[in-house]
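Going down the list, the protein sequences come from chains B and U.
Quick note: the first sequence uses the working numbering, first residue 878, plus one each step.
Quick note: the second sequence uses the working numbering, first residue 19, plus one each step.
No residue lacks a Cβ here, since even glycine has one placed at the ideal position from N, Cα and C.
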Amino acid sequence: MEDLMGEIKKHYEEKIRKEKTIPKFSVGDTVKVWIRVIEGNKSRLQGFQGVVIRKKGKGIEATFTVRRVSMDVGVERIFPLYGPTVEKVDVIKKGKVRRAKIYYIRERRGKSARIKERKK
Amino acid sequence: MKVGLIGKKIGMTQVFKDGKRIPVTVVKVEPNYVLQIKNERNDGYNALQMGALKNKWYRGTKPILVHVMTALGMSKEEIEKEIKKRKSDKLFTLQVLKEFKIEDTKNYKVGDIIDISKMAVDDKVTIIGNTKGRGFQGVVKRYNFHLGPKSHGSHSYREPGSVGMCADPGRVLKGKKMPGHMGTNQITIKGVIIVDIIPEKGVLMVKGSLPGATNSVVYIQK
Numbered sequence: 878m879e880d881l882m883g884e885i886k887k888h889y890e891e892k893i894r895k896e897k898t899i900p901k902f903s904v905g906d907t908v909k910v911w912i913r914v915i916e917g918n919k920s921r922l923q924g925f926q927g928v929v930i931r932k933k934g935k936g937i938e939a940t941f942t943v944r945r946v947s948m949d950v951g952v953e954r955i956f957p958l959y960g961p962t963v964e965k966v967d968v969i970k971k972g973k974v975r976r977a978k979i980y981y982i983r984e985r986r987g988k989s990a991r992i993k994e995r996k997k
Numbered sequence: 019m020k021v022g023l024i025g026k027k028i029g030m031t032q033v034f035k036d037g038k039r040i041p042v043t044v045v046k047v048e049p050n051y052v053l054q055i056k057n058e059r060n061d062g063y064n065a066l067q068m069g070a071l072k073n074k075w076y077r078g079t080k081p082i083l084v085h086v087m088t089a090l091g092m093s094k095e096e097i098e099k100e101i102k103k104r105k106s107d108k109l110f111t112l113q114v115l116k117e118f119k120i121e122d123t124k125n126y127k128v129g130d131i132i133d134i135s136k137m138a139v140d141d142k143v144t145i146i147g148n149t150k151g152r153g154f155q156g157v158v159k160r161y162n163f164h165l166g167p168k169s170h171g172s173h174s175y176r177e178p179g180s181v182g183m184c185a186d187p188g189r190v191l192k193g194k195k196m197p198g199h200m201g202t203n204q205i206t207i208k209g210v211i212i213v214d215i216i217p218e219k220g221v222l223m224v225k226g227s228l229p230g231a232t233n234s235v236v237y238i239q240k
């Protein structure tokens, strides 16, 4: 049987790929996500810096979660990888982790919440 | 209603539009054939009988096969001849026939092929489909009754409770909501927005979910 659903997802994926480059990073990396915020008729970029703790889904449905600890409160934001609001993603530090999902970081504070840097 | 089409639910995904993520259901619309036209004078109302979803000619019943093929311009003798050949590449039958009431039948004639070019992005359409069968269900799932107490010796956790009064009237009122078969009923959703159309694949993307399982038939009316 033909995989029509797959073709359609691919159709949209390629359409978005033509307009913007999909950022490359992996779980454990410290990234800064630039989000396009629209206020009235003005738009500006807002940064959100933190650690990628999860990458989920395939193709156009893919999302990633960035966690940061701000004023002693953990903040997690989920971004659609192909979303138009995600303007760009700067990789600040590459992290070396052994898990695909680093949820354990949620229970850690301070020194134990560090992630080893991956050297090339 | 201007036009009605037979489609097939393919699945769900998401689409980005104006910076927003929109959940969409993908509906495949194969070419629909106009098989019969009903008009006010003969039938009392205006309607088109549409057929869609091609199948091998020997799959359906013969009356439908003949009805479909005559509508598409074959004579009865020709059809008989083709059937005798056993292997025919001219014959085919249609899995779904459905009548759609429309205001004006002037622009259509029997044998016409209608596809999704009749639909446009941002159109509001009415979609009819059958829900998934859920089998014999209790009153909590079927009618959203409240649950009873979980503990303290409760004997009425998912029970329907009292079903009526005492000796007067001495019977259960008709239409009382009770456990029974749930699902596979027809649902009409109005005002469904078409988010996108991919003409080369014959596919409509409509906002939100639709009744029924993947590969089930839905009717789209505009």
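Whole-angstrom distance between residue j and residue i, CA atom to CA atom
i: ILE211(U); j: LEU222(U); result: 10 Å
i: ILE915(B); j: ILE885(B); result: 29 Å
i: LYS933(B); j: PRO900(B); result: 14 Å
i: GLY220(U); j: GLY147(U); result: 19 Å
i: LYS208(U); j: TYR76(U); result: 37 Å
i: ALA138(U); j: ILE215(U); result: 7 Å
i: VAL128(U); j: MET183(U); result: 59 Å
i: GLU95(U); j: LYS102(U); result: 11 Å
i: ILE979(B); j: VAL943(B); result: 11 Å
i: PHE902(B); j: SER135(U); result: 41 Å
i: ARG894(B); j: LYS935(B); result: 14 Å
i: PHE118(U); j: LYS240(U); result: 10 Å
i: GLY37(U); j: LYS142(U); result: 21 Å
i: SER93(U); j: GLY62(U); result: 28 Å
i: TYR161(U); j: GLY951(B); result: 41 Å
i: ARG975(B); j: MET68(U); result: 58 Å
i: PRO178(U); j: VAL158(U); result: 8 Å
i: LYS909(B); j: ASN233(U); result: 42 Å
One or two residues paired with residue i in a DSSP bridge
i: GLN9(U); result: This structure cannot settle anything about residue 9(U), because the visible part of chain U is limited to 19 through 240.
i: THR202(U); result: According to DSSP, THR202(U) bridges with nothing at all.
i: GLU994(B); result: GLY972(B)
i: LYS57(U); result: Looking at the sequence itself, residue 57(U) is Asn, so the reference to Lys does not match. Note: ASN57(U) sits in no beta bridge, so no partner.
i: ILE216(U); result: VAL221(U)
i: MET30(U); result: THR43(U)
i: TYR51(U); result: GLY69(U), ILE131(U)
Start and end residues, beta strand (DSSP E) containing residue i
i: VAL910(B); result: 907 to 916
i: VAL158(U); result: From DSSP, VAL158(U) is part of no beta strand (DSSP E) but of the alpha helix (DSSP H) over 157 to 161.
i: ASP967(B); result: 963 to 970
i: VAL952(B); result: 950 to 957
i: VAL929(B); result: 919 to 933
i: ARG944(B); result: 940 to 947
i: ARG39(U); result: 38 to 46
i: LYS225(U); result: 221 to 225
Sequence-distant residues of the same chain with beta carbon closer than 7 Å to residue i, five excluded per side
i: ALA977(B); result: VAL904
i: ASP130(U); result: VAL52
i: GLY156(U); result: ARG176, PRO197
i: MET230(U); result: The displayed chain sequence assigns Gly, not Met, to residue 230(U). The answer, listed in chain order, is LYS27, GLY147, ASN148, THR149, LYS150, VAL236.
i: SER174(U); result: GLY166
i: HIS85(U); result: LEU53
i: ARG39(U); result: GLN32
Opening and closing residue of the alpha helix (DSSP H) in which residue i lies
i: ALA65(U); result: Counting along the chain, ALA65(U) falls outside any alpha helix (DSSP H), though it belongs to the beta strand (DSSP E) covering 65 to 74.
i: GLY166(U); result: No alpha helix (DSSP H) holds GLY166(U); DSSP gives it neither H nor E.
i: LYS886(B); result: 881 to 896
i: GLU117(U); result: Here GLU117(U) belongs to no alpha helix (DSSP H); instead the beta strand (DSSP E) covers 110 to 119.
i: THR88(U); result: 80 to 89
i: GLU984(B); result: Unbroken run through GLU984(B): none, as it is neither H nor E.
i: LYS94(U); result: 94 to 102
Cβ separation of residue i and residue j, assumed to be a contact under 8 Å, to the nearest whole Å
i: LYS225(U); j: VAL236(U); result: Wrong, their Cβ atoms sit about 14 Å apart, outside the cutoff.
i: ILE132(U); j: THR111(U); result: With 8 Å as the limit, ILE132(U) and THR111(U) do not qualify as a contact, their Cβ atoms being about 18 Å apart.
i: THR123(U); j: ASN64(U); result: 5 Å
i: LEU66(U); j: ILE120(U); result: 6 Å
i: THR31(U); j: VAL42(U); result: 6 Å
i: ILE55(U); j: VAL114(U); result: Incorrect: roughly 18 Å between the Cβ atoms, too far for contact.
Close Cβ partners of residue i (< 8 Å) along its chain, the five nearest in sequence each way excluded
i: PRO49(U); result: ALA70, ILE131, ILE132, ASP133, GLY220
i: LYS973(B); result: GLY905, ILE992, LYS993, GLU994, ARG995
i: VAL181(U); result: VAL190, LYS194, MET196
Residue i: CB within 7 Å of a non-hydrogen atom of the ligand FAD
i: THR206(U); result: The model on display carries no ligand, and the ligand FAD is accordingly not part of it.
Proximal residues to residue i (C-beta, below 6 Å), its chain only, five neighbours per side dropped
i: PRO957(B); result: THR940
i: GLN923(B); result: ILE912, VAL914
i: ARG152(U); result: MET200, GLY201
i: LYS108(U); result: GLU100
Any C-beta of chain D under 8 Å from that of residue i
i: GLY37(U); result: Among the chains of the structure shown, chain D does not appear; the protein chains present are B and U.
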